[in-house]
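A.B. asks: Residue numbers for the sequence shown follow the numbering used here, so the first one is 375 and each next one is one higher.
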Amino acid sequence: MTKSALQIARAAYQPKLPKALKGAVKVQEGEPTHSVADEEEIKKLFPNTYGMPLIKLVEGEKKDYAPMNVGVILSGGQAPGGHNVISGLFDGVKRLNPANKLYGFLMGPGGLVDHKYIELTTDIIDEYRNTGGFDIIGSGRTKLEKIDQFEKGYEILKELGIKALVIIGGDDSNTNACVLAEYYAAKNYGIQVIGCPKTIDGDLKNEMIETSFGFDTACKTYSEVIGNIERDCNSARKYWHFIKLMGRSASHIALECALQTQPNICLISEEIEAKNMSLDDVVTYIANAVAARAAEGNNFGTVLIPEGLIEFIPAMKKLIAELNDFLAVHADEYAAVEANKQREYIISHLTADNSAVYASLPEGVARQLTLDRDPHGNVQVSLIETEKLLSEMVGKKLATWKAEGKYVGKFSAQHHFFGYEGRCAAPSNFDADYCYALGYTASELIANGKTGYMSSVRNLTAPAEEWIAGGVPITMMMNMERRHGEMKPVIQKALVRLDGTPFKTFAAVRDTWAKDTCYVYPGPIQYFGPTEVCDQTTKTLQLEQAK
Ligand code: FBP
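(1) What are the uninterrupted segments assigned as beta strand (DSSP E) that are 3 or more residues long and contained completely in the region 403-463, given in chain order?
(2) Among residues of its own chain, excluding the 5 on either side of residue 645, which ones have a beta-carbon nearer than 7 Å to its beta-carbon?
(3) Let me check understanding here. Comparing Cα to Cα, which of 846, 807, 763, 910 lies closest to residue 393?
(4) In the region 538-607, which residue ranges form an unbroken alpha helix (DSSP H) of at least 4 residues, counting only runs that do not cross its ends?
(5) Using alpha carbons as the reference points, say which of 572, 754, 720, 474 lies closest to residue 705.
(6) Roughly how many angstroms separate the alpha carbons of residue 380 and residue 562, rounded to a whole number?
(7) Residues bridged to residue 788 by DSSP?
(8) DSSP beta-bridge partners for residue 503?
(9) Give the single residue among 417, 548, 515, 902 whose Cα lies nearest to the Cα of residue 583.
(10) From 898, 883, 897, pick the residue whose C-alpha is nearest to that of residue 891; which is it?
(11) Answer with buried or exposed for residue 521, where buried requires no fewer than 16 other C-beta atoms within 10 angstroms of its C-beta.
(12) So what does residue 861 bridge to, in DSSP terms?
(13) Taking a contact to mean a Cβ-Cβ separation below 8 Å, would you say residue 478 touches residue 491 in this structure?
(14) Report buried or exposed for residue 796, applying the criterion of at least 16 other Cβ atoms within 10 angstroms of its Cβ.
(15) In whole angstroms, what separates the C-alpha of residue 672 from that of residue 861?
(16) Is the CB-CB distance between residue 578 and residue 816 below 8 Å?
(17) So does the region 632-645 actually touch the region 789-803, counting three or more Cβ pairs closer than 8 Å?
(18) Indicate, with yes or no, if the ligand FBP has a heavy atom lying under 7 Å from the CB of residue 622.
(19) Only counting the same chain, and skipping five residues up and downstream in sequence, which positions put a Cβ closer than 8 Å to that of residue 848?
(20) Could you give the distance in angstroms between the alpha-carbon of residue 447 and the alpha-carbon of residue 759?
(21) For the 8 Å Cβ check, are there 3 or more pairs between the region 424-435 and the region 403-413?
(22) Looking only at C-alpha atoms, which of 530, 497, 471, 470 sits nearest to residue 484?
(23) Should residue 755 be listed as close to the ligand FBP, given that the test is whether its C-beta is under 7 Å from any heavy atom?
(24) Quick one: using the 10 Å Cβ neighbour count with 16 as the cut-off for buried, is residue 821 buried or exposed?
(25) On a CA-only basis, which of 519, 597, 539 is nearest residue 982? Give me that one, please.
(26) At a cut of 8 Å, does the region 777-790 reach the region 664-679 through at least three beta carbon pairs?
(27) Exposed or buried, what is residue 375 when buried is set at 16 or more other beta-carbons lying within 10 Å of its beta-carbon?
(28) In the region 757-784, which residue ranges form an unbroken alpha helix (DSSP H) of at least 4 residues, counting only runs that do not cross its ends?
(29) Thinking C-beta only, is residue 389 closer than 8 Å to residue 458?
(30) Report the rounded CA-to-CA distance for residue 917 versus residue 843, giving the unit in angstroms.
(31) So what's residue 894 in DSSP terms, helix, strand or just coil?
(32) Tell me whether residue 572 is buried or exposed, calling it buried when 16 or more other Cβ atoms sit within 10 Å of its Cβ.
(33) Kindly list the residues whose CB is nearer than 8 Å to the CB of residue 896, restricted to its own chain and excluding five residues on each side of it in sequence; keep chain order.
(34) Here's a check: name, in chain order, each residue in its chain whose Cβ is nearer than 7 Å to the Cβ of residue 419, leaving out the five neighbours to either side.
(35) Reducing DSSP to helix, strand and coil, say where residue 493 ends up.
(36) Suppose the cutoff is 7 Å on Cβ atoms and the five residues either side in sequence are ignored; what does the same chain contact list for residue 439 look like?
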């Protein structure tokens with residue numbers, strides 16, 4: 375396989391480990407834990423894995439460990455650093471006992487159920503160290519939630535002599551990891567399950583999990599390109615760039631990229647929902663900024679739009695909820711309607727309010743809202759071209775204002791969507807180190823008999839040497855939420871907090887950014903060079919941890 379010069383140099387990078395993981399390790403148990411909410415229900419559903427203590431890994435005496443085999447699964451969307459979680463796990467497992475084996479289940483949780491796997495050997499692992507992507511074993515979105523799946527999984531785990539399974543995933547996959555841990559514990563199958571916090575979206579975080587891996591690299595990759603666009607925009611001075619950024623629900627990515635690049639406008643879905651803004655309010659907000667800049671002769675700018683925005687505008691949320699229910703029952707009937715009559719069909723079948731909102735949408739977006747749902751029955755927000763919807767509506771509003779003499783200027787828009795470009799980027803030093811430490815930590819949790827824990831590495835704004843490795847009971851992060859009409863135990867999703875320092879820092883300066891041109895150009899991720907250039911964490915993490 376041909377490799378780039380950077381790939382070759384990067385393969386030799388040795389990720390930094392927290393001090394406690396460098397030699398023999400012992401477990402220090404903290405206080406028993408309780409769930410973030412709904413304690414009684416969660417306790418009842420997880421009798422074997424509820425209330426376990428927090429765990430810290432500290433330096434200990436060298437011990438002999440009996441040989442053991444371990445399995446690993448990558449679940450959900452790709453995030454930079456996944457390969458390093460696996461290489462950290464591999465090195466950790468081999469350090470415990472060189473006879474230990476690591477098996478990777480192929481193409482996500484489905485590989486466990488369908489018994490598709492490979493043994494991960496030194497040769498394979500060495501090919502993937504410090505690389506982006508999940509291609510070492512592939513990923514998938516199969517939900518592990520049914521007893522027959524757990525039992526099928528048990529068959530192959532037993533056959534391969536696997537003592538523990540590591541599931542690398544987001545909030546839903548880790549919720550399912552915990553359900554599986556509980557099931558195997560209740561059945562006395564002797565199989566442990568450990569989770570690892572993955573998602574570029576940055577919405578799997580809490581007091582004990584400071585950030586999910588991949589968020590750092592993805593945001594730096596998008597910020598590099600946003601900075602390039604800003605410079606182009608400031609050079610040509612003739613376009614407004616509407617940039618949609620991935621992040622299914624939460625606006626962490628948009629906010630982080632805004633903090634790194636200082637665009638003219640960044641929409642934050644959580645704020646729009648809290649202020650009960652309508653689509654027209656959002657459009658007016660952008661149009662006002664465009665008009666104010668035009669008044670100073672600046673007919674250019676950049677707007678960052680979080681991918682999940684549409685579902686946070688209360689009227690759109692109601693419309694989408696009705697469309698989800700309606701299409702769940704009438705999908706076939708809808709598909710049979712002639713393409714040019716589908717819009718009318720939807721309009722005539724929705725309740726009055728939702729029908730009016732639907733009718734007000736431009737043709738393209740209206741159609742996108744009726745496209746196939748994901749396996750969880752959700753609209754695939756990454757397919758909705760919010761950036762075009764907004765620029766089209768802003769353009770119309772400005773045309774009206776122009777006719778009324780309220781606006782003089784030119785408005786010409788360019789559109790971008792950054793998502794997949796960042797998910798498989800070569801991990802930044804931060805993600806390479808963090809992920810390796812998460813994998814290594816998982817091996818120690820397994821060796822010490824733990825199950826139902828998420829691997830945790832904290833104190834992340836300090837040098838890697840001072841990071842604190844340990845485990846957090848997954849039940850500690852749970853609450854009860856309604857899913858598909860039923861109350862279910864799930865890990866609480868972390869949305870952008872409007873009372874948090876990252877948002878407040880942004881809100882304090884955004885009016886200046888809107889009016890003036892304050893762009894910052896972060897440039898590409900650097901892997902070699904001074905630590906202040908190569909090892910910086912995200913602004914979000916820095917602001918959240920600022921004392
Ligand atoms: P995870 O939650 O699985 O980490 O995936 C997040 C994400 O990258 C979102 O930002 C995006 O909406 C979605 O995946 C896209 O999914 P797909 O890869 O199936 O197109």
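Positions of the beta carbon are idealized from the N, C-alpha and C atoms, including for glycine.
C.D. replies: Taking the coordinates as given:
(1) Segments of the beta strand (DSSP E) lying fully in the region 403-463: 427-433, 443-448.
(2) Taking residue 645 as the centre and dropping the five residues before and after it, the same chain places the C-beta of 872 closer than 7 Å to its C-beta, in chain order.
(3) Checked all of 846, 807, 763, 910; the closest Cα to residue 393 is 807.
(4) Runs of the alpha helix (DSSP H) inside the region 538-607: 545-560.
(5) Nearest option by C-alpha distance: 720.
(6) Approximately 48 Å between the Cα atoms of the pair.
(7) DSSP output for residue 788 lists 615 as bridge partner(s).
(8) Partner(s): none; residue 503 has no beta bridge.
(9) Selected option, being the one with the closest Cα: 548.
(10) Comparing Cα-Cα distances from residue 891 to each of 898, 883, 897, the minimum goes to 883.
(11) The residue is exposed, with fewer than 16 neighbouring Cβ atoms inside 10 Å.
(12) As computed with DSSP, residue 861 is found in a beta bridge with 856.
(13) In this structure, residue 491 lies closer than 8 Å to residue 478 by Cβ.
(14) Taking every protein chain shown into account, the CB of residue 796 has 16 or more other CB atoms within 10 angstroms, so this residue is buried.
(15) Those two C-alpha atoms are separated by around 52 Å.
(16) No.
(17) Segments in contact, no.
(18) Residue 622: yes, Cβ under 7 Å from the ligand FBP.
(19) For residue 848, where only same-chain residues beyond five positions count, the Cβ hits under 8 Å are 423, 548, 549, 551, 552, 555, 569, 826, 827, 828, 865.
(20) Each residue's Cα considered, the two are about 32 Å apart.
(21) Enough Cβ pairs lie closer than 8 Å, so yes.
(22) Selected option, being the one with the closest Cα: 530.
(23) It does: the Cβ of residue 755 is within 7 Å (strictly closer) of some heavy atom of the ligand FBP.
(24) With at least 16 other beta carbons inside 10 angstroms of its own, residue 821 counts as buried.
(25) The question about residue 982 has no answer, for the chain in this structure spans 375 to 921.
(26) Three or more beta-carbon pairs drawn from the region 777-790 and the region 664-679 are found closer than 8 Å, and the two stretches are therefore classed as touching.
(27) It counts as exposed.
(28) The region 757-784 contains these whole alpha helix (DSSP H) runs: 760-777.
(29) Contact flag set, yes.
(30) C-alpha separation (whole angstroms): 21 Å.
(31) Correct three-state label for residue 894: coil.
(32) Label assigned to residue 572: buried.
(33) Here residue 896 has 594, 597, 598, 601, 634, 635 as same chain residues with Cβ atoms under 8 Å from its own Cβ, once five neighbours each way along the sequence are excluded.
(34) Counting only Cβ-Cβ distances below 7 Å, and skipping sequence neighbours, we find 863.
(35) Three-state result, residue 493: strand.
(36) The answer, listed in chain order, is 470, 471, 821.
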